[in-house]
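Read the structure below first, then the notes.
There are 2 protein chains.
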Amino acid sequence: MAKAPKSPKLRIIPLGGLGEIGKNMTVFELGNDAIIVDTGIMFPSNDMLGVDYIIPDFRYLLERKDLKIHGILFTHGHEDHIGAVGHVVEQVRRVPLWATPLTAGLLEVRLREARMLNETNINIFRPGDTIKVGPFKVESFHVCHSIPDCVGFGIHTPYGIVVHTGDYKFDNTPPDGKPTDYAKIADLSQRGVLLLMGDSTNADKAGWTLSESVVESAFDNVFRQAKGRIMVATFASHISRIQQVANATKRYGRKLAFAGHSMAENVKMARKIGILDIPDDILLDVTRVNSISANQIVIMVTGSQGEPSAVLGRLATGNHRLLEVRDGDTIVLSSHPIPGNEEVVSRTINQLFRRGADVIYDPIAQVHVSGHGRQEEMRLMMNLVNPRYFLPIHGELRHLKEHAKLAIQTGIPQERVFVVENGMVIEADKFGMRVGERVPGGYVFVDGSGVGDIGKAVIKDREILARDGFIIVAVNVDRSGRLMGEPEIISRGFVYLRDSDNLMKIVKDTVQETLTNSNGARNGKQRDRLQESLSRVLFNETKRRPMVFSIVNER
Amino acid sequence: MAKAPKSPKLRIIPLGGLGEIGKNMTVFELGNDAIIVDTGIMFPSNDMLGVDYIIPDFRYLLERKDLKIHGILFTHGHEDHIGAVGHVVEQVRRVPLWATPLTAGLLEVRLREARMLNETNINIFRPGDTIKVGPFKVESFHVCHSIPDCVGFGIHTPYGIVVHTGDYKFDNTPPDGKPTDYAKIADLSQRGVLLLMGDSTNADKAGWTLSESVVESAFDNVFRQAKGRIMVATFASHISRIQQVANATKRYGRKLAFAGHSMAENVKMARKIGILDIPDDILLDVTRVNSISANQIVIMVTGSQGEPSAVLGRLATGNHRLLEVRDGDTIVLSSHPIPGNEEVVSRTINQLFRRGADVIYDPIAQVHVSGHGRQEEMRLMMNLVNPRYFLPIHGELRHLKEHAKLAIQTGIPQERVFVVENGMVIEADKFGMRVGERVPGGYVFVDGSGVGDIGKAVIKDREILARDGFIIVAVNVDRSGRLMGEPEIISRGFVYLRDSDNLMKIVKDTVQETLTNSNGARNGKQRDRLQESLSRVLFNETKRRPMVFSIVNER
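Just so you know, the protein sequences line up as chains A and B, in that order.
Residue 88 is where the first sequence starts when you use the numbering used here, and the numbers rise one by one after that.
Residue 88 is where the second sequence starts when you use the numbering used here, and the numbers rise one by one after that.
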């Protein structure tokens, strides 16, 4: 990029991925020109009740009407990097997208679902390509991860190159023979790197992540020993794992079927663009799995995170329309639970055992390895890139803190290491880099068709309802405030009403008594008094605190 | 035990601990005489909304009025082995308890809380003692675990000895110098073991569990490097860990304080009975920690599972009445998250980092090891005991299945290995052992003061409320069924009402329209129609499914 006489400030604004593993999104600005790297979603934690998923808060982009957004660049096709694309395209119309072939294929699927495919266009580049997006020159470089076609970026700025690693590990024996592009990274380093933005996911784990190749020999063991059908569950987008299972299927003379809409779609797309190499003659339609003998069958399924509505979840509860688990089936969970999913994954495994399957999962055999590098790989990346400044990204705060420690150990001065949260602007000019202002960088909850319409107050109410339920008492009173007829009681999630005659009698007595004592009180006051006295009585009787409401109807 | 001319059948009835890690409880019967081993609780999984804890379903004991229960024997003092003692003593009055000194101390605390201390008496024995409980001769043997004074039992029966391991590992260098009693176990084996009941917790993990001693050197590193205060979180009952921290405190010339009621109580009790050796002069009252300099302070705290109301949880959110986290504090989580708690523990760690502490936890340093043996220890136990039959206990189904595989590998024929669930009776007579009838063995939920009064229906309602909340519409109609006045709307957990004017207008229009169309319908029918039309409209508008209720008041 040519240096202007007076260069505008560089501003880097992480809107996601810091303090969390998910919803990655970073804005790079030079004056009024901007590009975005990734627009991901995040899955809700167990206490975000009823939330479907979370997208980044990108109000900042909408408020900066002077900002020209030249494009969104994607590092790879996982949900936490592309999942919010429909929402962003809807709000930032006509912003063009830039992605490698597989990522572009996955973006297309996403955009079609969101009915946003016609609102943008996708520019395809290959790992290693240099692209020009607005005033930004961006050099991509291939990195290994748990999906093919992954890249990191070297973004040229007037103050040096900013290297964004994407999600990476240094796999020296990747199954597709394409290791992380050491040469390209070293080359960027030669030309002067201002800032390294590095994936922090495994910053609290010592050593190196194992190569994807170890999974291959684990699968070999499973395939050699399995007497009946083999089912393998993994992420629908885990194309390299799918390739490995296809290879084993071929080696052992079995046939391969796919169950689960998203996986079948991804396989079709990845075969079409030539990223997945599965010969036609080993494929079997899932509706025909019962036509050949059990020891010839391999089925790849979705639901490795224990999602109850995905294939593995349905198999575990016996609710799949085509398949059921049988004695002698071997089921492999080729995945690791996302934090928060451990419990539901364990339950799924136990249910599959109960149905007669032999279940193979991570501690039992090395049927999965992480897609993210560990501490030694992070140190290697820092030494390869040799940046002046360091910004740990893609991690909970604990990971960012540990990653920062590693950076300081490898010789980056502490004052040049930024541990910040989403929404903190990192600025650069000819004097150096520093932390600047704060812009919004929180969570936007998506629940049903609502985006951002439920917040902490609604979630808090759901928490109370989840713990103790509610009770509503509706009464009719005469003009002097006396009870007329029987109170009507509606309650859910509190006690089992049919077994609670005694408690309901106490409720009715309390209503009668409260109304008598507040004789003559005005409507609103009667209501408050009823709620107070009922809350007190119910807590004394049950040691629970349901939400209590009353409706007082004056006749 | 003298053999009667005709011996009654032996029946072993697991009421807990099979298919779950928790609420351990097993009944041993010879004719009408019985003893019980352990009466534990289990913590609810994230989907058991509002449940405080779970106790075993011991209806069977209450229904068998002919059964003489001679005593409850405890293997050790953890909640999943003693926590239900108050409930059992309340229902099975005057049943005497048998426990080692520390376990007896912890039982006393539990019984006092449950106001059941005067309803029973506790007989104390030492590890290695042989006790006679009713017609049962029981030899105890010491095992290593993560709490001192742990035992397994050799229970004599007319058909051979039944060995119950309790929770164990084979720690060859335990900090208290008391390894698992190999000799006693081998001695039982010499005399003929009918059945081995073995702890399955780590059956899916290869190799050996590390010795507790490795924790000692990890603590040494932490204490040597910490510049400020050190806080260590662990289970309140983890007396051996408390001893290790006290030792390190002394070595490094610091003072030790305890925060958290249960931990302080346990320390007092364990020091009194001589199990915990902490000199008076290193103790510091927690109210006085601000009187000495930061680098002299060690504070042990509760809340290592991220419980929001325990000390560590309060420190993380800044809600503790005495203490707060400061820059320079080192906080050690000497624990491992119980399955299901991973997310809340991660969040706690991140919050503590945010408050300026350096947090040390499991992958960062070996500050915790499991109290349960792994596969090699399980194989060793089987080879030591050399039983005719094997019953894996204390584990989810996947652990029981893996443990069974190990047993078969070590030479126990498959047909003599029982993988069963709670409530399945295992019978023995002179012809051998087999699986018999099924008795109740499920969950009893404790919620507030209610024991067993909420079941699946209430939990299901809480799930719906947690996901989408509820809405209630109350209307007054005249005799011809026409709406009088405005409908009254109460809703929680669904949408944020103040921002939902538009939606509320749609609700009111729907009410008006439905009532007009069902003109003349009877009260009950109007109510149903309102609920149907509102549910439909709300789903169309929001893609959410709140619980919908209506109250129709005819004037």
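Ideal Cβ positions, reconstructed from N, Cα and C, are used throughout, including at glycine.
Close CB contacts of valine 385 of chain A within its chain, under the 6 Å cut and outside five residues either way in sequence, are with Ile317, Thr336, Arg341 and Leu343 (chain order). Setting aside the 5 residues that flank it on each side, lysine 96 of chain B is surrounded in the same chain by Glu514 and Asp516, each with a C-beta closer than 6 Å to its C-beta; the list follows chain order. Shown here for glycine 539 of chain B: same chain residues with a beta carbon closer than 7 Å to its own, the five before and five after excluded, namely Val531 and Phe532 in chain order. DSSP places arginine 181 of chain B outside any alpha helix (DSSP H), giving it a letter other than H or E. Closer than 7 Å to the CB of arginine 631 of chain B there is at least one CB belonging to chain A. Neighbourhood of alanine 397 of chain A in chain B, by CB distance below 9 Å: empty, with the nearest CB roughly 17 Å away. For proline 188 of chain A, the secondary structure class from DSSP, reduced to helix, strand or coil, is helix. The beta-carbon separation of methionine 465 of chain A and glycine 285 of chain A, rounded to 6 Å, stays under the 8 Å limit for a contact. Counting only runs of at least 3 residues, the stretch 120 to 176 of chain B fully encloses the following beta strand (DSSP E) elements, listed from N- to C-terminal order: 120 to 124, 140 to 143 and 155 to 160.
Within the DSSP secondary-structure output, asparagine 205 of chain B pairs in no beta bridge. The beta-carbon of phenylalanine 477 of chain A is placed no less than 7 Å from the nearest beta-carbon of chain B. Assignment of tyrosine 530 of chain B by DSSP, reduced to helix, strand and coil, places it in the strand class. Secondary structure note for isoleucine 593 of chain A: its alpha helix (DSSP H) is the uninterrupted segment 588 to 604. A straight line joining the alpha-carbon of valine 220 of chain A with that of isoleucine 159 of chain A spans about 9 Å. Rounded to whole angstroms, the gap between the alpha carbons of proline 395 of chain A and threonine 435 of chain A is 9 Å.
Interface flag for alanine 561 of chain A against chain B is set, since a Cβ pair is found closer than 7 Å. The way I'd put it, the stretch 453 to 471 of chain A doesn't touch the stretch 144 to 164 of chain B; fewer than three beta-carbon pairs between them come closer than 8 Å. DSSP lists A:Arg98 and A:Arg521 as the beta-bridge partner residues of glutamate 514 of chain A.
With a cutoff of 7 Å on beta-carbon distance, arginine 413 of chain B and leucine 484 of chain A are scored as not near each other. Not a single CB atom of chain B sits nearer than 7 Å to the CB of isoleucine 425 of chain A. By the neighbour-count criterion, in which a residue is buried when 16 or more other Cβ atoms sit within 10 angstroms of its Cβ, serine 287 of chain A is buried.
Under the rule that a run must span 3 or more residues, the beta strand (DSSP E) segments found entirely inside the stretch 349 to 392 of chain A read 384 to 388.
Scanning its chain for C-beta atoms nearer than 7 Å, with the 5 sequence neighbours on each side dropped, one finds around threonine 597 of chain A the residues Ser620, Leu621 and Val624, in chain order. Counting only the Cα atoms, aspartate 263 of chain A lies some 12 Å from valine 230 of chain A. Excluding residues up to 5 positions away in sequence, Gly427 lie with their Cβ nearer than 8 Å to the Cβ of asparagine 133 of chain A in the same chain. Under the three-state reduction of DSSP output, alanine 544 of chain B falls in the helix class.
Taking 7 Å as the cut-off between beta carbons, the residues of the stretch 535 to 553 of chain B near chain A are Gly535, Ser536, Gly537, Asp540, Ile541, Gly542, Ala544, Val545, Asp548, Arg549, Leu552 and Ala553, in sequence order. If you look at histidine 243 of chain A, you'll find it in the beta strand (DSSP E) that goes 238 to 244. Glutamate 429 of chain B belongs to the set of residues whose beta carbon lies under 7 Å from a beta carbon in chain A. In the DSSP assignment, lysine 224 of chain B falls within the beta strand (DSSP E) that extends over 223 to 229.
Each residue's CA atom was taken as its position, placing leucine 136 of chain B and phenylalanine 581 of chain A some 11 Å apart. Glu575, Ile577, Arg579, Gly580, Phe581, Val582 and Tyr583: these are the residues of the stretch 569 to 583 of chain A whose beta carbon lies less than 8 Å from some beta carbon of chain B, given in chain order.
When Cβ-Cβ separations below 7 Å define contact, lysine 488 of chain A makes contact with chain B.
For arginine 579 of chain B, the uninterrupted beta strand (DSSP E) run begins and ends at 570 to 579, by DSSP. Residue contact check for phenylalanine 636 of chain A against chain B: a CB pair falls below 7 Å. Isoleucine 495 of chain B sits in a helix when the DSSP states are folded into three classes.
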